[in-house]
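Chains as they are written, first to last, in the working numbering: chain C, -8 to 344; chain S, -8 to 344.
2 protein chains.
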Amino acid sequence: MALVTEPTIIFPENTVSQDEMVQVLENLFPYHPKWDTIERMIRNTEVENRHLLSPINQVVTHPGFEFRNNLYKDEGLKMSVDATQKALDKQNMSPQDIDLIIVVSCTGFLMPSLTSYIISSMDFRPETKQLPVIQLGCAAGAWAINRAYEYLKAYPDQNVLLVSVEFSSLLFQPNDQKISSLISDCLFGDAVSASIIKGTPETGDEGYHIDGITSYVKKNTDHYIKYDVKSTGFHFDLDKMVMHSIKDVAPIMEKFIDGNSSKKVNELDFHIFHTGGKKIMDELVSNLNLDEATIGFSRKSLKNHGNIASGVVLDVLKEEFSSNTKKDGDKGIMAAFGPGFTAEINYGTWIQN
Amino acid sequence: MALVTEPTIIFPENTVSQDEMVQVLENLFPYHPKWDTIERMIRNTEVENRHLLSPINQVVTHPGFEFRNNLYKDEGLKMSVDATQKALDKQNMSPQDIDLIIVVSCTGFLMPSLTSYIISSMDFRPETKQLPVIQLGCAAGAWAINRAYEYLKAYPDQNVLLVSVEFSSLLFQPNDQKISSLISDCLFGDAVSASIIKGTPETGDEGYHIDGITSYVKKNTDHYIKYDVKSTGFHFDLDKMVMHSIKDVAPIMEKFIDGNSSKKVNELDFHIFHTGGKKIMDELVSNLNLDEATIGFSRKSLKNHGNIASGVVLDVLKEEFSSNTKKDGDKGIMAAFGPGFTAEINYGTWIQN
Chain C
-8 MALVTEPTII
2 FPENTVSQDE
12 MVQVLENLFP
22 YHPKWDTIER
32 MIRNTEVENR
42 HLLSPINQVV
52 THPGFEFRNN
62 LYKDEGLKMS
72 VDATQKALDK
82 QNMSPQDIDL
92 IIVVSCTGFL
102 MPSLTSYIIS
112 SMDFRPETKQ
122 LPVIQLGCAA
132 GAWAINRAYE
142 YLKAYPDQNV
152 LLVSVEFSSL
162 LFQPNDQKIS
172 SLISDCLFGD
182 AVSASIIKGT
192 PETGDEGYHI
202 DGITSYVKKN
212 TDHYIKYDVK
222 STGFHFDLDK
232 MVMHSIKDVA
242 PIMEKFIDGN
252 SSKKVNELDF
262 HIFHTGGKKI
272 MDELVSNLNL
282 DEATIGFSRK
292 SLKNHGNIAS
302 GVVLDVLKEE
312 FSSNTKKDGD
322 KGIMAAFGPG
332 FTAEINYGTW
342 IQN
Chain S
-8 MALVTEPTII
2 FPENTVSQDE
12 MVQVLENLFP
22 YHPKWDTIER
32 MIRNTEVENR
42 HLLSPINQVV
52 THPGFEFRNN
62 LYKDEGLKMS
72 VDATQKALDK
82 QNMSPQDIDL
92 IIVVSCTGFL
102 MPSLTSYIIS
112 SMDFRPETKQ
122 LPVIQLGCAA
132 GAWAINRAYE
142 YLKAYPDQNV
152 LLVSVEFSSL
162 LFQPNDQKIS
172 SLISDCLFGD
182 AVSASIIKGT
192 PETGDEGYHI
202 DGITSYVKKN
212 TDHYIKYDVK
222 STGFHFDLDK
232 MVMHSIKDVA
242 PIMEKFIDGN
252 SSKKVNELDF
262 HIFHTGGKKI
272 MDELVSNLNL
282 DEATIGFSRK
292 SLKNHGNIAS
302 GVVLDVLKEE
312 FSSNTKKDGD
322 KGIMAAFGPG
332 FTAEINYGTW
342 IQN
């Protein structure tokens, strides 16, 4: 009832390598008392390259919350329109074919939302429904697919456009010098992604067909992943306790997959996991007894782009399309994790009509 | 398939009358060159009283975006839990009966969202789904009911909790001295509202049963209602052009109601309109040829509480419950307007089981 078609991922043209970023931070904080620890931890992130909305020297200089949020709007809209057009073209569809636009993001705040700007900027119908969400962080990509599944269960002849807009570089805070902040500065990457989710697969369609969904909130863990909202904008704050959340969510994934397919997670044909970071992926491998190859595309996404937040699951899904290893009927799981602590999980079938 | 049950509205204990507010602003801006115009326009808002999160002397003194946003979180959560418990009690339900929590708001930004804080603070199930939206302004109340309708169309045996958290007083900007800003300072009020939306009405239930929904975006009117996001927080900006939007949305309402009931809007038994302000209501009366009595509850809400943003439609709906004038089978419309320019509209039947 919900076919997630091939995503389009658009990266801004500026890049920064791990080596360059180490140099930039060392120059910014030449007297940091924990520098050796920080450098070792950055080297251990396995993030080798990231794309940035602006050149790195601009990223690390705070031009004010207002300037950054205006940049978010201008570039976010431009790249959203570009990604949307490409995603529509892949399906031979036009904006007129879309009934609901979901925009997920956690790196800027606009009112009106990007949903209405996108509707105005392209040939969408005035009655197109809007679902703009900016408070679910890295869980928001899988979350949006789960909400699209529910929507298309009610309206199986309709179609949903999903857009993810993530410019984490706009959250670089030069005065946040905690170890965890400096590691985060080297973890997240910028990208805008789009995918069409169709209510009814047609002949010739290929994609990830959602068969079931579930959500999970680990209570009283709001401090695991959070923003402090200040005059300087959003300050990302990560508690290393978040690593322990995977051991709680793993049995929930197992129970959910068992209920849908009588299989174990590691018996599925493909796995689309959010790449919170190296440690999160190690925890997934360990707690779900996964073959390392299973999460190869997630590792690759992290290595080449950093954590692109809500866009990660779309980037990993795109790799599944590009791999040409999928066959009709393959079974898979998607799971993403974010603030709350929230996990959004779905199960489905690869379709090649 | 979606029964909106009696809302609970909670107002903070501080209040400010129109007379007091005129005095406060005159003291703040004793040399304002347009003061006479401003005072006349404030007197014309027909807002006589408003509830405020803090005493008025605190409201008009900007303590910083961070302080305000923390207040938003602490008081927003406390009042959300209170309103939720009361709304559940009215239906003899517990948090365990809720499958989806929608929190709409446009006066603060939290990550994690209030949805996860509410789940942690009460006896909700960990698999409760979250839908937090903060970018749809005054349209968000009717928007949320429309999304709940779609959700319950897919899951008719489930229930949705809707919470609206609006503290517009946290957006008072002492440096915004445009006429439109000073009028807005006297227009909006604070409130937290909650309502349970049931997928399947049961014996003894009363409420507004949604039979149909529609959405509308007037393209290229993002400047009608918008926030400028700055280091000082959200700056509300209203273009008086927004008044002309009602003449565009009126025929859309007529067509929608005709398609659902073969009636005109003014032939319906009840009307739940967002109270954007006096002029918006005058435009509704004029463009829909309404009897003035039709919008009595909307006028009353504006007069006694100011525009409580996404909560208005819930407050007006509550008046419909309290009025004891509704009878089983009555037909009605709900419509709210917000940034985009966006209108969210639904049609339904009063049910007394």
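Where is the CB? At the ideal position from N, CA and C, for every residue including glycine.
Counting only beta-carbon atoms, is residue i nearer than 8 Å to chain C?
i: residue 84/S; result: no
i: residue 69/S; result: no
i: residue 18/S; result: no
i: residue 223/S; result: yes
i: residue 14/S; result: no
i: residue 343/S; result: no
i: residue 125/S; result: yes
i: residue 177/S; result: no
i: residue 220/S; result: yes
i: residue 213/S; result: yes
i: residue 291/S; result: no
i: residue 169/S; result: no
Would you verify that the beta carbon of residue i is, or is not, closer than 8 Å to some beta carbon of chain S?
i: residue 264/C; result: no
i: residue 330/C; result: yes
i: residue 135/C; result: no
i: residue 121/C; result: yes
i: residue 333/C; result: yes
i: residue 294/C; result: no
i: residue 217/C; result: yes
Buried or exposed: residue i, going by 16 or more other Cβ atoms within 10 Å of its Cβ?
i: residue 344/C; result: exposed
i: residue 55/S; result: exposed
i: residue 119/S; result: buried
i: residue 320/C; result: exposed
i: residue 126/C; result: buried
i: residue 31/S; result: exposed
i: residue 258/C; result: exposed
i: residue 284/C; result: exposed
i: residue 82/S; result: buried
i: residue 316/S; result: exposed
i: residue 339/C; result: buried
i: residue 280/C; result: exposed
i: residue 290/C; result: buried
i: residue 87/S; result: exposed
Which residue wins for smallest C-alpha separation from residue i, given the options the options?
i: residue 218/C; options: 210/C, 227/C, 211/C; result: 227/C
i: residue 174/C; options: 245/C, 339/C, 231/C; result: 231/C
i: residue -1/S; options: 72/S, 207/S, 123/S, 87/S; result: 72/S
i: residue -5/C; options: 96/C, 269/C, 149/C, 250/C; result: 149/C
i: residue 171/S; options: 26/S, 153/S, 323/S; result: 26/S
i: residue 59/C; options: 157/C, 288/C, 123/C; result: 157/C
i: residue 215/C; options: 235/C, 152/C, 222/C; result: 235/C
i: residue 153/S; options: -7/S, 341/S, 324/S; result: -7/S
i: residue 1/S; options: 69/S, 12/S, 109/S; result: 69/S
i: residue 12/S; options: 145/S, 176/S, 66/S; result: 176/S
i: residue 145/S; options: 105/S, 134/S, 189/S, 169/S; result: 189/S
i: residue 272/S; options: 237/S, 306/S, 301/S; result: 237/S
Would you mind telling me which residues of chain B sit closer than 8 Å to residue i, beta carbon to beta carbon, in chain order?
i: residue 191/C; result: Absent from the structure is chain B; the protein chains it does hold are C and S.
Return yes when at least one heavy atom of the ligand ZN lies under 7 Å from the C-beta of residue i, else no.
i: residue -3/C; result: This structure simply doesn't include the ligand ZN, nor any ligand for that matter.
Exercise. What residues in the segment 301 to 321 of chain S bring their beta carbon closer than 8 Å to a beta carbon of chain C?
Worked result: Under the 8 Å Cβ criterion, the segment 301 to 321 of chain S contributes no residue.
For this session: Could you please tell me which residues of the segment 100 to 118 of chain C, in chain order, have their CB closer than 7 Å to any CB of chain S?
Result: Against chain S - using a Cβ distance shorter than 7 Å - the residues of the segment 100 to 118 of chain C are 100, 101, 102, 103, 104, 107, 108, 110, 111, 117, 118.
Exercise. Does the pairing of the segment 156 to 167 of chain C with the segment 46 to 54 of chain C give three or more beta-carbon distances under 8 Å?
Worked result: Judged by Cβ distances under 8 Å, the segment 156 to 167 of chain C makes contact with the segment 46 to 54 of chain C, as three or more pairs qualify.
Problem set entry | Cβ contact (3+ pairs, closer than 8 Å) linking the segment 328 to 340 of chain C and the segment 17 to 34 of chain C | No contact exists between the segment 328 to 340 of chain C and the segment 17 to 34 of chain C.
Problem set entry | Any 3 or more C-beta pairs closer than 8 Å across the segment 40 to 48 of chain S and the segment 0 to 11 of chain S | They touch, by the three-pair rule.
For this session: Mind checking the segment 48 to 64 of chain C against chain S and listing, in chain order, the residues whose C-beta falls within less than 7 Å of any C-beta there?
Result: Answer in chain order: 55, 56, 57, 60.
Problem set entry | Short-range partners of chain S found in the segment 195 to 210 of chain C, where Cβ spacing is below 8 Å | Within the segment 195 to 210 of chain C, those residues whose Cβ lies closer than 8 Å to any Cβ of chain S are, in chain order, 205, 206, 207, 208, 209, 210.
For this session: Taking a Cβ distance cut-off of 7 Å, strictly less, list which residues of the segment 129 to 163 of chain S are near chain C, in chain order.
Result: For the segment 129 to 163 of chain S, which is checked against every Cβ of chain C, the residues closer than 7 Å are 141, 142, 144, 145.
Exercise. Any contact of the segment 188 to 199 of chain C with the segment 77 to 93 of chain S, i.e. 3+ C-beta pairs under 8 Å?
Worked result: Between the segment 188 to 199 of chain C and the segment 77 to 93 of chain S, the count of C-beta pairs closer than 8 Å stays below three; the two stretches do not touch.
Exercise. Are three or more beta carbon pairs between the segment 94 to 110 of chain S and the segment 204 to 211 of chain S nearer than 8 Å?
Worked result: Cβ pair count under 8 Å is below three, so no.
For this session: Identify each residue in the segment 269 to 287 of chain S for which the Cβ-Cβ distance to at least one residue of chain C is less than 7 Å, and report them in chain order.
Result: For the segment 269 to 287 of chain S, the beta-carbon criterion of a distance under 7 Å to any beta-carbon of chain C is satisfied by none of its residues.
Exercise. Any chance the segment 174 to 185 of chain C sits against the segment 283 to 300 of chain C, with 3 or more Cβ pairs inside 8 Å?
Worked result: A contact between stretches requires three or more CB pairs, one per stretch, nearer than 8 Å, and the segment 174 to 185 of chain C meets this requirement with the segment 283 to 300 of chain C.
Exercise. Are the segment 307 to 322 of chain C and the segment 250 to 265 of chain S touching by the rule of at least three beta carbon pairs closer than 8 Å?
Worked result: At 8 Å Cβ cutoff, the stretches do not touch.
For this session: Please confirm if the segment 132 to 148 of chain S is in contact with the segment 136 to 149 of chain C, defined as three or more CB-CB distances below 8 Å between the two stretches.
Result: Touching, yes.
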